[in-house]
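Asks:
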Amino acid sequence: MIQVRNLFFKHEEYFVLTDISLEIKEGSFTAIIGANGSGKSTLAKHFNGLLLPTKGDVIVDEINTRKNQVEIRKKVGLVFQDFQDQIVYPIAQEDVAFGLENLGLPEAHIKKIVNETLEKLNIKKLANSNVNTLSLGQKQLIALAGVLAMRPKYIIFDEPTTMLDGVNKKNILSIIKELNEKEKLTIILITNVLDDLRYAKRIVVLKEGKIIFNDRKELLDKKILSEAQLYV
């Protein structure tokens, strides 16, 4: 479980997040939504210790993000909005192996995990491809494979459909759904696109760095969306 307790985060002179408290339960599918500048991506970066609270705490499986960031980042994977920045090596399978190599795992074990991960995402055929020749949708799957190869319990997707066309948007959302339902991974989806919410079970709405809604998706109404400056 990820627990956020009275989180405040200050950037320069301003609080970007104010008194945020919430729980992300194992196996859940939570979407965090809000208009641009609402603080949702800033909050997401607290879940895996990329950012640390100015005040308050973030606890992942009883580990405070202030205390053991290496262990936290093994548990919580993050696929960035600009996923191309996550790709380090030009050859797809080498990039997927990058994080595992940093753990010092045996080469045979790394190869096995990389192959399993590529197969899981149905992109084994891209293993020897130069990433620069791939489509945006394929590059995103390579970035996701690099995260999945680390075997995290929690995966954050920061605005995963922003750079994609209609077909690739549908594909990545279906993959995210499958990771939650079949692989039992805990999913945290950051978005300001209401259509991205189709598979989420719980919705957290941010406005100006504060939570204004945190409940089941069925209870989200147009009044809340309007207040958050999100429109159908």
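Under this note's numbering, the letters of the sequence shown match residues 2 to 233, in that order.
Backbone N, C-alpha and C define an ideal beta-carbon position, used for all residues, glycine too.
(1) If Val59 and Leu8 are in contact, beta carbons under 8 Å, what's the gap, nearest whole angstrom?
(2) Compare the C-alpha of His47 against each of Leu231, Ser39, Ile73 and Glu13 and name the closest.
(3) Just reading off the beta strand (DSSP E) that Phe214 is part of, what are its end residues?
(4) Specify, as a first and last residue, the run of the beta strand (DSSP E) that Gly78 falls within.
(5) Where does Arg217 land, buried or exposed, given buried means 16+ other C-beta within 10 angstroms?
(6) Please report how far the alpha carbon of Ser22 lies from the alpha carbon of Asp166, in whole angstroms.
(7) DSSP state of Lys125, grouped into three classes?
(8) DSSP on Ile156, reduced to helix/strand/coil?
(9) Roughly how many angstroms separate the alpha carbons of Thr276 and Pro54, rounded to a whole number?
(10) Which class does Val59 belong to by DSSP, given the choice of helix, strand or coil?
(11) Do Lys178 and Gly28 come within 8 Å of each other at the CB atom, strictly closer than that value?
(12) With a floor of 4 residues, list each alpha helix (DSSP H) that falls wholly inside the segment 151-197, ordered by position along the chain.
(13) Using the rule of at least 16 other Cβ atoms within 10 Å of the residue's Cβ for burial, across every protein chain shown, is Asn49 buried or exposed?
(14) State the Cα-Cα distance for the pair Lys208 and Asn69, rounded to the nearest angstrom.
Replies: Judging by the given coordinates:
(1) For the purposes of this step, residue 59 is identified with residue 58 of the sequence shown, where counting begins at 1. For the purposes of this step, residue 8 is identified with residue 7 of the sequence shown, where counting begins at 1. The Cβ separation is near 7 Å, so the contact holds.
(2) Here the question's residue 47 lines up with position 46 in the sequence shown. Closest by alpha carbon: Ile73.
(3) Against the sequence shown, residue 214 aligns to sequence position 213. Residues Lys211 to Arg217.
(4) Residue 78 sits at position 77 when you count from the first residue of the sequence shown. Val77 to Val80 is the span of the beta strand (DSSP E), which, as asked, contains Gly78.
(5) Residue numbering aside, residue 217 sits at position 216 when the sequence shown is read from its first letter. Looking at its Cβ environment, which holds fewer than 16 other Cβ atoms inside 10 Å, Arg217 is exposed.
(6) Within the sequence shown, numbered from 1, the residue matching residue 22 stands at position 21. Within the sequence shown, numbered from 1, the residue matching residue 166 stands at position 165. Roughly 34 Å between the two C-alpha positions.
(7) Against the sequence shown, residue 125 aligns to sequence position 124. The answer is helix: DSSP assigns Lys125 an H, G or I state.
(8) Counting from 1 along the sequence shown, the entry for residue 156 is found at position 155. Reduced to three states, the DSSP call for Ile156 is strand.
(9) No answer is possible for residue 276: it lies beyond the span of the chain, which begins at 2 and ends at 233.
(10) Taking the first residue of the sequence shown as 1, we reach residue 59 at position 58. Residue state, collapsed to three classes: strand.
(11) Working through the sequence shown from its first residue, we reach residue 28 at position 27. Working through the sequence shown from its first residue, we reach residue 178 at position 177. No.
(12) 167-182
(13) Indexing the sequence shown from 1 puts residue 49 at position 48. Classification of Asn49: buried, given that the 10 Å Cβ count is 16 or more.
(14) For the purposes of this step, residue 208 is identified with residue 207 of the sequence shown, where counting begins at 1. For the purposes of this step, residue 69 is identified with residue 68 of the sequence shown, where counting begins at 1. Approximately 30 Å, taken between the alpha carbons.
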